[in-house]
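>
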Amino acid sequence: MQRPEVLIVGGGPAGIGVAVALLQVGVRPLVLEARRVGASFLRWPRETRLLTPSFTANGFGLADLNAIAPRTSPAYTLGEEHPSGRAYARYLQAVAAHFTVPVLRARAKRVVYREGLFRVDTGRGTLEAPFLVWAVGEFSFPRYPFPGAFLALPYTRVGSFARLAREAPERVVIGGYESGVDAALHLAERGVRVLVLDPEAPWERRTGEPSRDLSPHTLDRLRRAPRGRIRFRRTKVLALQLKGEGYALLTEGGEVRTPHRPLLATGFGDGLEPLGGLLARGPEGHPLLTLEDESTLAPGLFLAGPKVRHGGSPFCFIYKFRARFPIVARAIARRLGRDEGPLEVYREEGMWLEDPTCCEVQCAC
Numbered sequence: 003m004q005r006p007e008v009l010i011v012g013g014g015p016a017g018i019g020v021a022v023a024l025l026q027v028g029v030r031p032l033v034l035e036a037r038r039v040g041a042s043f044l045r046w047p048r049e050t051r052l053l054t055p056s057f058t059a060n061g062f063g064l065a066d067l068n069a070i071a072p073r074t075s076p077a078y079t080l081g082e083e084h085p086s087g088r089a090y091a092r093y094l095q096a097v098a099a100h101f102t103v104p105v106l107r108a109r110a111k112r113v114v115y116r117e118g119l120f121r122v123d124t125g126r127g128t129l130e131a132p133f134l135v136w137a138v139g140e141f142s143f144p145r146y147p148f149p150g151a152f153l154a155l156p157y158t159r160v161g162s163f164a165r166l167a168r169e170a171p172e173r174v175v176i177g178g179y180e181s182g183v184d185a186a187l188h189l190a191e192r193g194v195r196v197l198v199l200d201p202e203a204p205w206e207r208r209t210g211e212p213s214r215d216l217s218p219h220t221l222d223r224l225r226r227a228p229r230g231r232i233r234f235r236r237t238k239v240l241a242l243q244l245k246g247e248g249y250a251l252l253t254e255g256g257e258v259r260t261p262h263r264p265l266l267a268t269g270f271g272d273g274l275e276p277l278g279g280l281l282a283r284g285p286e287g288h289p290l291l292t293l294e295d296e297s298t299l300a301p302g303l304f305l306a307g308p309k310v311r312h313g314g315s316p317f318c319f320i321y322k323f324r325a326r327f328p329i330v331a332r333a334i335a336r337r338l339g340r341d342e343g344p345l346e347v348y349r350e351e352g353m354w355l356e357d358p359t360c361c362e363v364q365c366a367c
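With the first letter of the sequence shown counted as 1, position 63 gets the number 65 in the numbering used here; the numbers rise by one all the way through.
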């Protein structure tokens with residue numbers, strides 16, 4: 003195999019998507035994936051589905067919202083509108099196979115930038131290239147935002163809500179955004195009484211910004227939920243403790259006791275630790291990037307996926323962050339002297355966002 007020109011860490015939608023874009027312009031990528039393509043999706047709870055609907059409208063210039071490459075559609079490949087994690091992993095694997103994306107099973111442990119080269123230490127030796135795209139997803143990095151949070155069961159380790167429902171007749175869910183409400187709904191549908199705690203009450207929020215509001219899919223599920231099974235409480239959990247044979251949640255509104263292990267759905271970390279000081283961070287801890295999603299400290303290091311953020315706009319859905327794939331690929335192609343023309347197909351299919359600062363949502367009705 004020829005020496006790669008770009009190393010891509012992560013074999014999920016961001017990593018495979020950027021690799022496909024690079025292949026379009028004749029750049030040689032190599033994807034490093036610790037497990038297998040789509041591994042995070044394979045670890046989703048069995049019952050969980052993608053929030054955004056898939057529909058094959060490519061012939062009318064409208065790409066499937068969950069597609070990561072032009073002229074592909076999970077709806078066509080899978081025959082599902084809201085694919086499961088396992089199904090979506092099959093789509094990612096199909097895309098990787100169709101475009102012959104080079105994938106090496108290796109875990110990136112440390113990154114060193116020296117003399118214009120990125121050296122990535124893995125369990126299979128050290129790899130190097132002049133460009134590095136960090137495309138690690140979020141699912142493997144649950145956040146533990148308060149003392150004792152590690153005592154709760156992270157959403158990422160549920161496995162199956164059907165099994166969880168058989169273990170206890172009631173459950174406290176910490177976190178009321180998509181993963182928390184998804185957990186509450188699956189448990190309630192199986193007869194479990196659920197209490198959801200969140201200080202920001204996302205279930206009441208209607209800003210028009212999908213990164214902050216519950217999705218229409220989730221709101222529709224809430225309207226159809228068994229009456230009286232789910233209770234919402236606007237309060238912040240300050241700490242979680244073992245007490246007697248159960249758990250005590252210390253909240254702003256007082257103590258909540260439960261005999262059953264609470265479920266933690268408070269978001270995800272970023273998985274950027276191996277990069278060390280190669281990414282600058284803003285006041286809120288978000289990576290600071292150029293308008294081409296490149297590090298401001300290490301030229302040639304790009305970020306792809308849900309941790310891309312410009313101003314107040316988080317690119318946390320696939321249909322958002324995929325629009326930056328051709329921007330990253332174009333930046334690399336230009337520096338290598340390659341023809342960027344083949345990337346125009348992304349623009350034709352609406353998978354191109356040139357200015358990442360113009361993404362405020364203002365709905366008339």
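Every residue gets a Cβ at the ideal spot worked out from N, C-alpha and C, and that includes glycine. These figures come from a predicted structure and were not determined experimentally.
Touching or not, the region 138 to 147 and the region 242 to 253, by the rule of three or more beta carbon pairs under 8 Å?
no
> Give the DSSP-derived three-state secondary structure of S297 in the structure shown.
strand
> Please go through the same chain and pick out, in chain order, the residues whose beta-carbon is closer than 6 Å to the beta-carbon of A23, but skip the five residues on each side of it.
F327, P328 and A331
> For G150, which residues from the same chain have a beta carbon less than 6 Å from its beta carbon, with the 5 sequence-adjacent residues on both sides left out?
A241, L242 and Q243
> Spatial neighbours of A21 within its chain, please: CB distance less than 6 Å, with the 5 preceding and 5 following residues excluded, ordered by chain position.
I10, P31, V33 and V103
> Taking only runs that begin and end inside the region 78 to 128, name each unbroken beta strand (DSSP E) of 3 or more residues, in chain order.
105 to 107, 110 to 116 and 119 to 124
> Taking the alpha-carbon positions, what's the R38 to A190 distance?
33 Å
> I need the boundaries of the beta strand (DSSP E) containing V33, first residue and last residue.
Boundaries of the beta strand (DSSP E) harbouring V33: P31 to E35, taken from the DSSP string.
> Given this structure, state the Cα-to-Cα distance separating Y179 from E35, to the nearest angstrom.
Spanning the two alpha carbons is a distance of roughly 29 Å.
> When you compare the CB positions of L153 and L265, do they come within less than 7 Å of one another, or not?
Not closer than 7 Å, so no.
> Can you name, in chain order, every residue of its own chain whose Cβ lies under 8 Å from the Cβ of T292, other than the five neighbours on each side?
Sequence-distant Cβ neighbours of T292 in its own chain, meaning closer than 8 Å and more than five residues away, are T298.
> What are the boundary residues of the beta strand (DSSP E) that L44 is part of?
Premise fails: L44 lies in the alpha helix (DSSP H), A41 to L44, not in any beta strand (DSSP E).
> From the DSSP output, in three-state form, read off E130 for me.
Reduced to three states, the DSSP call for E130 is strand.
> Please list, in chain order, all residues of the same chain as L83 whose beta carbon is under 6 Å from its beta carbon, the five residues on each side excluded.
This sequence places Glu at residue 83; Leu is not what is there. Same-chain partners within the cutoff: P55 and S56.
> Can you name the residues that DSSP bridges to Q243?
A250
> With a floor of 4 residues, list each alpha helix (DSSP H) that falls wholly inside the region 170 to 223, ordered by position along the chain.
180 to 191
> Return the residue from the list P47, L166 and E356 that minimises the CA-CA distance to R86.
Checking the sequence shown, residue 86 turns out to be Ser, not Arg. Closest option to S86, Cα to Cα, is P47.
> Assign S75 to one of two classes, buried (16 or more other C-beta atoms within 10 Å of its C-beta) or exposed (fewer than that).
buried
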